[in-house]
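So that you can map any letter, position 138 of the sequence shown is 140 in the numbering used here, and since no number is skipped, the others follow by simple counting. The structure appears right after this line, and notes come after that.
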Amino acid sequence: MSRSAEFEGRIVLGMIQHGTAVSAHLTEHELILSKIGGQRETLSIFLRPFSPSMILDLDPQRITDGVFFEVKGTKVGSITHGPLGHPGDGEFDFRDVTSYRLDMKYFFERINVEIGGATAAGIDCLDGRTWRPPMEFSVRFDIPRQDIAEFFKLTDLARDRLLKALDLAASDR
């Protein structure tokens, strides 16, 4: 089952912020994050393996403490960015993601999601010969309380359990 939504947030690639919001598309095996707003070029980050359970946790202790995951490998995703030259030329920078860290903090009014990672080195898409160094990226967005149930396609029982845990976590802080 896939889920898609747009959230307030930001994507930073190579120390440059792209867009004014984040589109998140979540499947059982992958998270796709895309920038919204800003310049005409597209920027998408594909993270796999990924699972909805990496963001959604119903354990009260982990909700209070926060949760993180680190994923590393030869290829645990990819980034596409472009067009970088003249819009009609179609030069896209494509990089394999070699690592990412996912941090979640749970609050009464939202779930805060922060992802930071790195890519492999890649060939410059404009000249096709020059090697470019690995890049770092970060993504930050909040899932508002009122959107949690719809984004995760929660049953009424699961929604009530999660909202109660968020309430308890907020009272413990």
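Ideal Cβ positions, reconstructed from N, Cα and C, are used throughout, including at glycine.
Between residue 70 and the set 117, 134, 153 and 12, the nearest pair of CA atoms involves 117.
In the structure shown, residue 57 adopts coil according to DSSP, grouped into three states. Restricting attention to 12, 83, 100 and 36, the CA atom closest to the CA of residue 50 is found in 100. In terms of Cβ geometry, residue 140 and residue 24 do not form a close pair [threshold 8 Å]. Residue 164 is not bridged by DSSP to any residue.
When the beta-carbon positions are compared, residue 170 and residue 150 stay at least 8 Å from each other.
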